[in-house]
Amino acid sequence: MRVIFVGGGTGGHLYPALAAAKYLKRKEPGAEIIFLGKEKGIEGPVLKREGFSFQAISAMRPPGGMSLKAVNFILATGKGFAQSASVMRRFAPDLVVGTGGYVSVPVILAACVLGIPALLHEQNVIPGRANRFLSSFARLTCLSFAASAGRFPKRARLKLTGNPRASEVAGISRAEGYKQFSLDPRRKTLLVTGGSQGAEKFNKIAGRAIKMLSGRIDIQVIYVTGERYYDMVKKELADISLPTGPRLHLYSYLDRMPYAMAAADLMITRGGATTLAEINALGIPAIIIPSPNVTENHQYLNAKELADHKAAVVFKEAELKAEALAATVASLIDNEGELKLMAAASRSMGFPDAAEKFYECMQENLSSP
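Be aware that the sequence shown starts at 0, since it is given in numbering that gives the first Met the number 0, and climbs by one per residue.
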């Protein structure tokens with residue numbers, strides 16, 4: 000199988016594509032794969048590290064309204080279309096896979112014009128503008144949430160598969176997670192992360208909440224702050240009664256996040272779709288503080304899906320106080336029965352076999368309709 004993947008700008012678009020590509024290589028070691036993406040996006044460095052071929056194309060975020068930026072957008076998209084078509088003529092892919100983001104628009108359109116089957120994946124409850132638009136042209140759009148189905152054009156073909164990234168964490172055991180961080184299996188583990196970049200208000204609230212909990216409940220904490228906020232959080236937690244090391248594991252960035260998640264009894268996190276897919280695959284009870292700085296408030300709507308299934312507690316960042324967060328953590332950690340119910344509810348929403356489901360969709364959409 001020869002496949003072109005496109006999806007970038009953020010990890011939420013890139014990592015599902017990367018998970019699908021890695022799974023394809025495991026199933027078909029002879030598969031040939033090329034990634035297309037933005038030259039200055041996160042795609043290049045990540046894909047180089049993972050050993051995948053990457054080619055940059057022109058792309059630009061669509062502006063609102065008519066302006067000079069709109070003209071530049073049309074020109075950039077046209078250039079990206081031509082670049083994509085050129086790659087496709089040389090590479091002759093059997094399939095083109097898009098996982099969202101504006102960089103996918105010229106690529107998927109080029110595939111459709113050239114008669115190459117196109118497959119999409121949507122991570123969020125609220126589909127992104129690119130996927131909403133492209134779904135009318137693609138052979139199939141795969142969904143992470145059933146609730147997304149009514150938000151696409153009527154002519155779009157849809158299938159619920161889950162997020163391929165979930166399969167990468169589903170096989171990790173709690174024992175493996177505990178071993179990675181030298182954790183005490185007799186204590187509950189709280190994992191805190193505001194995403195790879197971190198967020199100031201999230202960290203201020205979470206840091207104060209952890210400080211309030213010190214001495215009140217017997218827990219061990221893995222806290223990933225993001226590069227910019229490590230010193231701030233370290234200073235906040237400098238004098239708490241959880242000693243750094245065995246009980247408090249503080250990181251600016253963590254490349255072993257799947258192991259940290261596998262070890263967690265409770266997680267405080269943002270509402271990014273890929274993170275929530277991983278949470279559901281592992282069945283982790285969660286306290287979700289969605290980022291307010293995203294399009295169409297999609298993180299809140301992602302999180303609400305988990306809350307509606309009793310798998311998570313959701314707080315709006317603007318309304319949240321550290322005292323309320325600390326009280327919620329303490330209440331859940333002290334209630335083993337509630338944690339088990341939340342874990343079961345979370346697991347029931349998960350797709351640990353999402354990568355296999357997506358691979359099957361890839362195979363099914365190679366031939367002509």
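Where a beta carbon is used, it is the ideal one built from N, C-alpha and C, also for glycine. A quick note: this is a predicted structure, and the numbers were derived from the prediction, not measured.
Can you give, in chain order, each stretch of the alpha helix (DSSP H) that sits fully within the stretch 7-87 and has at least 4 residues? 10-26, 42-49
Tell me the DSSP secondary structure of R89 in three-state form. What you label residue 89 is simply residue 90 of the sequence shown in a count that begins at 1. Three-state DSSP puts R89 in a helix.
Quick one: complete beta strand (DSSP E) runs, 3+ long, within the stretch 297-348? 311-313
Quick check: the Cα distance between P257 and E304, rounded to an integer number of angstroms? Here the question's residue 257 lines up with position 258 in the sequence shown. Here the question's residue 304 lines up with position 305 in the sequence shown. About 22 Å.
Grab the span of the beta strand (DSSP E) containing K234 for me, first residue to last. As a working note, residue 234 is residue 235 in the sequence shown. Where K234 is concerned, there is no enclosing beta strand (DSSP E), although the alpha helix (DSSP H) it sits in stretches over 229-235.
Range of the contiguous alpha helix (DSSP H) that encloses Y371: One cannot answer for residue 371 here, as it falls past the ends of the chain, which runs 0 to 368.
Would the stretch 121-132 and the stretch 148-164 be scored as touching if the rule is three or more Cβ pairs under 8 Å? yes
If contacts are defined as beta-carbon pairs under 8 Å, then P364 and P116 qualify, I think. What distance do you get, rounded to the angstrom? Reading the sequence shown from its first residue, position 365 is the one you call residue 364. Reading the sequence shown from its first residue, position 117 is the one you call residue 116. It should be noted that the sequence gives Asn, not Pro, for residue 364. That pair is a contact at about 5 Å.
From the DSSP output, read off the bridge partner residues of I267. Here the question's residue 267 lines up with position 268 in the sequence shown. Per DSSP, V191, I286.
Y252 burial status per 10 Å Cβ neighbour count (16 or more: buried): Mapped onto the sequence shown, residue 252 falls at position 253. So Y252 ends up on the exposed side.
With DSSP as the reference, label P368 as helix, strand or coil. Taking the sequence shown and counting its residues from 1, one reaches residue 368 at position 369. Residue placement at P368 is flagged as unreliable, the pLDDT there being 48, under the threshold of 50; a coordinate-derived value is accordingly withheld.
Member of R25, D352, L142, S166 whose CA lies at the smallest distance from the CA of L157: If you number the sequence shown from 1, residue 157 lands on position 158. If we check each option's Cα against that of L157, L142 comes out closest.
Quick check: the Cα distance between R32 and F357, rounded to an integer number of angstroms? Taking the sequence shown and counting its residues from 1, one reaches residue 32 at position 33. Taking the sequence shown and counting its residues from 1, one reaches residue 357 at position 358. Inspection of the sequence shows that residue 32 is occupied by Ile rather than by Arg. C-alpha separation (whole angstroms): 16 Å.
Option nearest I332 by Cα separation, candidates A285, R346, N292: What you label residue 332 is simply residue 333 of the sequence shown in a count that begins at 1. Ranking A285, R346, N292 by Cα distance to I332 puts A285 first.
Let me check understanding here. Comparing Cα to Cα, which of L212, M266, A344, A137 lies closest to C360? Mapped onto the sequence shown, residue 360 falls at position 361. Closest by alpha carbon: A137.
Which value, in whole angstroms, describes the spacing of the CA atoms of G29 and V293? Walking along the sequence shown from the start, residue 29 turns up at place 30. Walking along the sequence shown from the start, residue 293 turns up at place 294. Taking the straight line joining both Cα atoms gives about 39 Å.
Exposure of D238, with buried meaning 16 or more beta-carbon neighbours within 10 Å: On the sequence shown, residue 238 is found 239 positions in, with the first residue counted as 1. With fewer than 16 other Cβ atoms within 10 Å, it is exposed.
Does the Cβ of A91 have 16 or more other Cβ atoms within 10 Å, making it buried, or fewer, making it exposed? Taking the first residue of the sequence shown as 1, we reach residue 91 at position 92. Exposed, since its Cβ has fewer than 16 Cβ neighbours within 10 Å.
Three Cβ pairs or more, each shorter than 8 Å: is that satisfied between the stretch 70-78 and the stretch 34-54? no
Can you say whether L13 is buried or exposed, counting buried as having 16 or more other CB atoms within 10 angstroms of its CB? As a position in the sequence shown, residue 13 is number 14, starting the count at 1. The residue in question, L13, is buried, as its Cβ has 16 or more Cβ neighbours within 10 Å.
Euclidean distance between Cα positions of F350 and L281: What you label residue 350 is simply residue 351 of the sequence shown in a count that begins at 1. What you label residue 281 is simply residue 282 of the sequence shown in a count that begins at 1. The straight-line gap from Cα to Cα measures roughly 9 Å.
Return helix, strand or coil for L253, following the three-state DSSP convention. Locating residue 253 in the sequence shown gives position 254, where the first residue counts as 1. Coil.
Buried or exposed: L67, going by 16 or more other Cβ atoms within 10 Å of its Cβ? By one-based count along the sequence shown, residue 67 stands at place 68. Its Cβ having fewer than 16 others within 10 Å, L67 is exposed.
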